[in-house]
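Have a look at the structure below, then the notes.
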Amino acid sequence: MTVLAPRVDRESPAAVARIQRRPEPASVRRRRILIETGNHALLVAVSAIFLLPFVFIVLTSLMSDQQALTPALWPRPFHFSNYAEIFRQSPLLRYTWNTFVIAALSTVGVVVSCVPVAYALSLLEWRGRQATFLLVLATIMLPVQVTVVPLYIVFSRLDWIGTMKPLIVPLFFGDAFSIFLLRQFFLTIPQELLDAARVDGANEARVMTRVVVPLAKPAIAAIALFQFLYAWNDFFSPLLYLGENKHLWTLSLGLSDFRGHFHTQWNLTMAASVLFMLPVILVFFAAQRAFVEGVTLTGVKG
Amino acid sequence: MLTPRQRARRRAARRYRTVLLFLSPWLIGFSVFIAYPMLASLYYSFTNYDLLSNPKFVGLENYRFMFTKDPRYWQAMRNTLWIIAVGVPLQALVALGTAVLLTRPRRGSRVYRTILFLPKMAPAVAAALAFVFVFNPVTGPVNQLLDTAGVDKPPLWFFSPVWSKWGLVFLGVWGMGQTMIIYLAGLLDVPRHLYEAADVEGASPRQKFRFITLPLISPAIFFSVVTGVIYGFQYFTEAYVASFAIAGQPTGSAAGEVGSPQGSLLFYSLYLYVKGFTDFRMGYASAMAWVLFLITMACTLLLIRTSRRWVHYGTGGFR
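Chains as they are written, first to last, in the working numbering: chain A, 1 to 302; chain B, 1001 to 1319.
Take a look at the structure:
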């Protein structure tokens, strides 16, 4: 597993200080500070550009609807009441609850179903394991569009259109990407630990739940996080399966409709966008480590 | 008493039972949600099917119509190829540039990394709406900036069929955080001693980048380009939301507005959605889906093939 902190070995200040007792010449020092300042200046500029859209969204969400239609950048006066207004004008709480239910249940499904599959694909020895894993890999890249038409037909026969079931049930039957990510992590667990438990008479299910799962918490956290955020942000599937049942709409659907309903009310649209983004960004800050490690794990490592 | 061989066979059988049990969620999921639908959509692609009456077999008619008689299909294809050709390399370049910048400061790069990754977290619907607003030709800050910079007649962005796709390209570049993290991990994995050896040889920073950094992170670039092309063909949410926001209509109301202005945001997956789920032409949508599948396969194979020439893997092959 690659952790984004291998900087220790390359510039551990303590180690460097111990070796280099000789003070560096003033010219070298000045040059170093100059370069460091230049790097930071560049990064501050780039970061500012990437933050600006967020700033505009927040500022616009605090304008009056009239002012949001002018080129003005600064709200005058501040309309904090916009945030109350959007709750009056649309069932935001219901959308939030629906989104949460779908995201939470589908996350449970992914974790429960993918851990044993990844376990069989990494820590059990059997013929055909590699071929099966390649098949799992191949389905990661499969576009949803390829399967969506027959699935829609099946779900409509089952009378599942307009219910949350098509968005939750399939996730209880494994997700290729999560299986892949978990397997990569499981491969780093030393077999000796598992064998020790097996010698003590534990069966495979017990080895998995008592030995592997506790060790794999970071990877499980990462796939849970990815699935939760994916479901939270998803638009295509809710549009397809919940489009006609406004009662079960998610935040994505509600927000995309906002603009149509409140034609010129950009201020309210932006306020709703802020509320939609906020939980995701808070989760990101709280779980940043798990997140970045997860993204790295999906890269070319392994 | 069992002979040793019988005992071994029993153990092997038990082992396979365990494996099957552990695999069962995926086995069911793969058969029901992937294998069956793929085969079914292949069958539907040779039929006319509107969900109400039974599928009617028409042979290759859907494919023939698609390739020879449907101008909107080709419009969607052109738009999709355009946004892949422009968006994927641009995103990779910006991600590589910022990743290189992030490796340079001695301290504090974590804060920048967080900020630059943040846009990736913004839900696609919210981000698309925000960009339609930010790029609004009259009230948006982008054109105000261009105005003050003295640009004569700045673009109309999402309101002009010529410029609308650029708005989405910038939206993609803004959300390049994931690509950047993957590049950054690659950059930090480059062994320091290679750079030190190059310093001893008197290599310039440019030479070091060209002959050490670039070859060693090429697998990461390869990975992001492959996925970028494949996801490009599935590009949906941002285009859907932007085109409805411009048309100013509620979600799912008028199919005719999908891809506005003037069809410039009509992408492959958007058109597939319209055909399948607003026109309920399931056979035609299935044919489009299978062409999409073959394109995806071809892209992946092509990139994996050609990669042998320019991708450096250190030890071992692909994965």
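Note that beta-carbon positions come from the ideal geometry of N, C-alpha and C, so glycine has one too. Only a predicted model underlies this, so the values are computations on that prediction, with no experimental measurement involved.
Where residue i falls, given that 16 or more other Cβ within 10 Å makes a residue buried
i: D159/A; result: exposed
i: W1074/B; result: exposed
i: L151/A; result: buried
i: L1101/B; result: buried
i: D234/A; result: buried
i: S61/A; result: buried
i: R1009/B; result: exposed
i: R1064/B; result: exposed
i: V1125/B; result: buried
i: V148/A; result: buried
i: R1005/B; result: exposed
i: A1012/B; result: exposed
i: F285/A; result: exposed
i: V28/A; result: exposed
i: F78/A; result: exposed
i: N39/A; result: buried
i: D257/A; result: buried
i: R1017/B; result: exposed
i: G1167/B; result: buried
i: W74/A; result: exposed
i: V3/A; result: Because the pLDDT at V3/A is just 38, under 50, the model does not fix this residue reliably, and the point stays unresolved.
i: L134/A; result: exposed
i: I1221/B; result: buried
Residue nearest to residue i in terms of C-alpha spacing, selected from the options
i: V115/A; options: D195/A, W74/A, R183/A and Q130/A; result: R183/A
i: Y1183/B; options: A1040/B, V1094/B and A1242/B; result: V1094/B
i: W97/A; options: K165/A, H247/A, A26/A and Q191/A; result: H247/A
i: D1050/B; options: G1177/B, M1176/B, F1277/B and M1297/B; result: F1277/B
i: L51/A; options: L1118/B, W1163/B and L1301/B; result: L1118/B
i: I49/A; options: I1217/B, V1032/B, I1115/B and L1042/B; result: I1115/B
i: V1173/B; options: A1128/B, P1215/B, L1194/B and I1212/B; result: A1128/B
i: V111/A; options: V148/A, L167/A, Q191/A and A221/A; result: A221/A
i: R210/A; options: P75/A, V55/A, L167/A and L194/A; result: L194/A
i: V146/A; options: S1286/B, S1264/B, A1085/B and I1221/B; result: S1286/B
i: A1076/B; options: V1274/B, T1296/B and R1281/B; result: V1274/B
i: S90/A; options: F276/A, G254/A and A287/A; result: G254/A
i: R127/A; options: W1082/B, R1015/B and V1138/B; result: R1015/B
i: A944/B; options: K1120/B, P1161/B, L1171/B and L1156/B; result: The structure shown does not extend to residue 944/B, since chain B is modelled only from 1001 through 1319, so no value can be given for it.
i: I35/A; options: R1078/B, F1030/B and R1107/B; result: R1107/B
i: S1109/B; options: A1245/B, D1152/B, L1039/B and I1181/B; result: I1181/B
Residue span of the alpha helix (DSSP H) that contains residue i, given as start and end
i: S1031/B; result: It is not in any alpha helix (DSSP H) - S1031/B carries neither H nor E in the DSSP assignment.
i: F1280/B; result: That residue, F1280/B, is in no alpha helix (DSSP H); it is neither H nor E in DSSP.
i: F267/A; result: Residue 267/A is actually Asn in this sequence, not Phe. Per DSSP, N267/A belongs to the alpha helix (DSSP H) from W266 to A286.
i: S1204/B; result: Looking at the DSSP string, S1204/B is not in any alpha helix (DSSP H), and its letter there is neither H nor E.
i: F87/A; result: N82 to Q89
i: R31/A; result: A26 to S61
i: T188/A; result: Note, T188/A: premise wrong, no alpha helix (DSSP H); not H, not E.
i: L1129/B; result: A1124 to V1134
i: P1119/B; result: S1109 to M1121
i: E1238/B; result: T1237 to A1247
i: K1165/B; result: S1164 to W1174
i: A224/A; result: K217 to N233
i: A1095/B; result: P1071 to L1102
i: D1147/B; result: P1141 to T1148
i: V148/A; result: V144 to R157
i: G1186/B; result: G1177 to D1189
i: E1061/B; result: E1061 to T1068
i: W97/A; result: L92 to S122
i: L240/A; result: F236 to L242
i: R129/A; result: R129 to I140
i: I1230/B; result: L1214 to G1232
i: P166/A; result: K165 to I168
i: E125/A; result: From DSSP, E125/A is part of no alpha helix (DSSP H); its letter is neither H nor E.
Beta-bridge pairing of residue i - partner residues as DSSP gives them
i: N1048/B; result: K1056/B
Residues near residue i in its chain [Cβ-Cβ closer than 8 Å; skip 5 each side]
i: L124/A; result: E204
i: I161/A; result: Y152, F155, Y241 and E244
i: D1070/B; result: none
i: R1072/B; result: G1263, L1266 and Y1271
Cutoff 6 Å; reference residue i; Cβ partners in own chain excluding five residues on either side
i: F185/A; result: A216 and A219
i: D65/A; result: Q265 and N267
i: V136/A; result: A176 and I179
i: F276/A; result: L251 and L255
Nonlocal neighbours in the same chain, by C-beta distance under 7 Å from residue i, ignoring five residues either side
i: V58/A; result: V274
i: L167/A; result: I102, S106, S237, P238 and Y241
i: I140/A; result: A176, F177 and F180
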